[in-house]
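Numbering (our numbering), first residue to last: 23 to 392.
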Amino acid sequence: MTEAAPRPHKITGLMPTVTFLRTTELVKSFGAKQVLNGVNLAIAEGGTTAIVGPSGSGKTTLLRLIAGFENPDGGTIELNGYSVAGNAWVPAHKREIGYVAQDGALFPHLSIAQNIAFGLERQWASGGRTARAKRVAELLDMVSLESSMGARKPHEISGGQQQRVALARALARKPKLMLLDEPFSALDAGLRVATRKAVADVLHKAEVTTILVTHDQGEALSFADQVAVMRGGTLAQTGSPFSVYTRPADRDTAEFLGDAVILDAMLQGSLAGCSLGWIPVRHATIQGQVRLMLRPEQIRITADGPIKGTVVDTVFFGPETTVRIKLSPVEGVIGGGEIITIRHWNAAMARPGMKLNLRVIGEGVAFPTE
Numbered sequence: 023m024t025e026a027a028p029r030p031h032k033i034t035g036l037m038p039t040v041t042f043l044r045t046t047e048l049v050k051s052f053g054a055k056q057v058l059n060g061v062n063l064a065i066a067e068g069g070t071t072a073i074v075g076p077s078g079s080g081k082t083t084l085l086r087l088i089a090g091f092e093n094p095d096g097g098t099i100e101l102n103g104y105s106v107a108g109n110a111w112v113p114a115h116k117r118e119i120g121y122v123a124q125d126g127a128l129f130p131h132l133s134i135a136q137n138i139a140f141g142l143e144r145q146w147a148s149g150g151r152t153a154r155a156k157r158v159a160e161l162l163d164m165v166s167l168e169s170s171m172g173a174r175k176p177h178e179i180s181g182g183q184q185q186r187v188a189l190a191r192a193l194a195r196k197p198k199l200m201l202l203d204e205p206f207s208a209l210d211a212g213l214r215v216a217t218r219k220a221v222a223d224v225l226h227k228a229e230v231t232t233i234l235v236t237h238d239q240g241e242a243l244s245f246a247d248q249v250a251v252m253r254g255g256t257l258a259q260t261g262s263p264f265s266v267y268t269r270p271a272d273r274d275t276a277e278f279l280g281d282a283v284i285l286d287a288m289l290q291g292s293l294a295g296c297s298l299g300w301i302p303v304r305h306a307t308i309q310g311q312v313r314l315m316l317r318p319e320q321i322r323i324t325a326d327g328p329i330k331g332t333v334v335d336t337v338f339f340g341p342e343t344t345v346r347i348k349l350s351p352v353e354g355v356i357g358g359g360e361i362i363t364i365r366h367w368n369a370a371m372a373r374p375g376m377k378l379n380l381r382v383i384g385e386g387v388a389f390p391t392e
């Protein structure tokens with residue numbers, strides 16, 4: 023690998039756009055194993071993108087290529103209109119990128135203040151103790167930590183606080199792009215939500231373009247304004263959290279992003295007939311026999327619902343109960359007798375053996391039969 027000149031190479035003819043990061047046909051292999059296979063991703067300046075996918079789908083490899091820790095075998099990466107990989111190579115330390123790893127990667131022998139100061143630009147570090155201490159205090163305040171915490175060591179603070187310190191250290195260099203590699207996965211559930219919100223608020227206020235890599239679907243949907251679903255080394259779908267969840271591109275994406283009720287159906291025009299009745303389908307591109315996808319929350323238990331079913335069993339989770347229901351046949355449509363799983367807020371309304379009336383809210387998504 024040859025390191026190019028220190029200044030990024032401007033791509034000839036590139037017109038200014040709101041796109042801050044663009045990857046084009048990125049390819050990367052390790053030995054005989056191809057990890058990335060033509061990844062195309064565009065991220066708007068100031069935007070937040072979550073890259074989500076199962077283990078081994080290529081998420082972290084993509085992040086490392088963007089960071090400059092690895093060089094792609096093919097394709098290009100552009101940052102703010104400049105080529106940093108492919109047409110030219112810009113090393114990681116010159117890309118103005120912040121990186122927060124899963125474990126925070128704090129130096130255990132340094133204090134919190136020393137860890138943050140390590141990320142400061144050289145002019146801050148050489149500006150004297152007073153200037154450096156002031157900047158460290160500002161960064162601690164930015165991530166909602168007391169300045170007095172600077173004297174502690176990493177093992178003396180909680181996991182959530184350690185992740186905030188790691189973020190403060192990454193923000194010290196005023197990066198234009200922040201990369202978060204599963205930074206919340208080691209935290210307990212409650213702490214994870216609080217830390218995630220705190221980090222999101224800080225990055226939004228600082229107007230830093232951000233990429234979060236995660237395997238947690240709920241985390242991706244709640245954190246970002248764009249979600250990119252990776253599978254098998256490529257992007258299966260990219261879009262807003264609402265669009266990828268409610269209108270997944272295929273069945274695998276639908277089932278990865280959350281619970282799904284999938285039934286045999288016959289699509290005629292914009293209506294699909296199945297054992298849940300006639301369900302509207304938006305922008306139907308196929309006709310005839312299909313597999314219809316609904317989210318469990320679209321299926322409601324109501325006194326006057328036109329669909330009938332019998333409760334098979336339930337699982338109580340406190341604020342909600344998972345209910346398995348055997349559907350009764352519906353005249354004039356295919357299906358009947360399937361067991362579906364929905365969620366309901368009142369466990370007393372859905373006990374095993376009870377007969378229920380159901381109603382479907384909203385539209386379904388039709389996939390080709392397998």
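The beta-carbon is built from N, C-alpha and C at its ideal position, and this holds for glycine as well.
Computed from a prediction, not measured in an experiment: that's the story for all the values here.
Candidates the options: closest to residue i by CA position
i    : options                   : result
T256 : V61, R313 and E342        : V61
G182 : V215, A153 and A159       : V215
E67  : R154, D281, L225 and T82  : L225
L199 : L349, V312, L85 and D326  : L85
T46  : R273, V57 and L63         : L63
Q136 : G103, Y104, G108 and S170 : S170
R346 : M371, T236, L142 and R195 : M371
D286 : A369, F278 and P351       : P351
G280 : R195, E241 and F245       : E241
I253 : I73, F338, A54 and G69    : Contrary to the premise, residue 253 reads as Arg rather than Ile in this sequence. For the residues I73, F338, A54 and G69, the minimum Cα distance to R253 belongs to I73.
L162 : E178, R151, L142 and R186 : R186
S79  : V251, L189, P130 and A188 : V251
L132 : E160, G103, I88 and R191  : R191
H426 : G103, I88 and G108        : Because the chain in this structure spans residues 23 to 392, residue 426 falls outside the shown range and cannot be described.
H16  : W367, F206 and V266       : Here the chain has residues from 23 to 392 only, and residue 16 is not among them.
P130 : N109, A188 and Y104       : A188
L201 : W367, G69 and A54         : G69
W367 : F338, M376 and T83        : F338
S180 : K156, N102, G291 and T217 : T217
Nonlocal neighbours in the same chain, by C-beta distance under 8 Å from residue i, ignoring five residues either side
i    : result
R373 : V333 and T336
I65  : T41, F42, L43, R44, T71, T231, I233 and Q248
S262 : D247, Q248 and V249
V382 : L298, G299, I301, L316, Q320, I321, R322 and I329
P197 : E118, I119, G120 and V230
A147 : Low per-residue confidence applies at A147: pLDDT is 49, beneath 50, and the placement is therefore not dependable, though the value from the model is reported in the following sentence. Closer than 8 Å at the Cβ level, and outside the excluded window around A147, lie A139 and R154.
V106 : P30, G90, I99, E100, V112 and R117
P390 : I308, V312 and R313
D326 : N379 and R381
Q56  : V49, K50 and G255
Q239 : V74, F278, L279 and G280
Distance CB(residue i)-CB(residue j) smaller than 8 Å
i    : j    : result
T268 : L43  : no
R365 : E342 : yes
L314 : P302 : no
T208 : D274 : A small correction: the amino acid at residue 208 is Ala; Thr does not occupy that position in the sequence shown. No, the Cβ-Cβ distance between A208 and D274 is not below 8 Å.
I258 : A271 : A quick correction: the sequence has Ala, not Ile, at residue 258. Closer than 8 Å, so yes.
A228 : S166 : no
P76  : F264 : no
L142 : A211 : no
F245 : A222 : yes
Start and end residues, alpha helix (DSSP H) containing residue i
i    : result
G212 : A211 to A228
I356 : Per DSSP, I356 belongs to no alpha helix (DSSP H) and is neither H nor E.
R151 : R151 to M164
V49  : Careful: V49 lies outside any alpha helix (DSSP H), inside the beta strand (DSSP E) at T41 to F52.
Nonlocal neighbours in the same chain, by C-beta distance under 7 Å from residue i, ignoring five residues either side
i    : result
D95  : V49, K50 and S51
E319 : R365
K348 : G331, T332, V334, G359 and I361
L289 : V303, A306, I308, Q309, G310, V312 and A388
V158 : A135, I138, A139 and G172
K81  : I73, G75, V235 and M252
G35  : Bear in mind that the predicted position of G35 carries a pLDDT of just 39, short of 50, making it too unreliable to give a figure here.
G108 : P94, G97, T98 and I99
M164 : A190, L193 and V224
T344 : T336, V337, T363 and R365
Endpoints, beta strand (DSSP E) assigned at residue i
i    : result
G254 : Per DSSP, G254 belongs to no beta strand (DSSP E) and is neither H nor E.
Q309 : Counting along the chain, Q309 falls outside any beta strand (DSSP E), and DSSP gives it neither H nor E.
S105 : Y104 to A107
L378 : K377 to V382
Q290 : V283 to Q290
L331 : In the sequence under discussion, the amino acid at residue 331 is Gly, which differs from the Leu named in the question. Residues I329 to F338.
L349 : T343 to L349
Closer than 8 Å to chain C by CB, residue i
i   : result
S77 : No chain C is present in this structure, which holds just one protein chain.
Nonlocal neighbours in the same chain, by C-beta distance under 6 Å from residue i, ignoring five residues either side
i    : result
E392 : none
L378 : I323 and G331
A123 : D203
N59  : G255 and T256
M376 : V333
T260 : A250
So, does the region 297 to 304 touch the region 339 to 355, judging by three or more C-beta pairs under 8 Å? yes
May I ask you to verify whether the region 89 to 105 touches the region 172 to 179, counting CB pairs closer than 8 Å and requiring at least 3? With a cut-off of 8 Å, the region 172 to 179 and the region 89 to 105 do not count as touching, because too few Cβ pairs lie within range.
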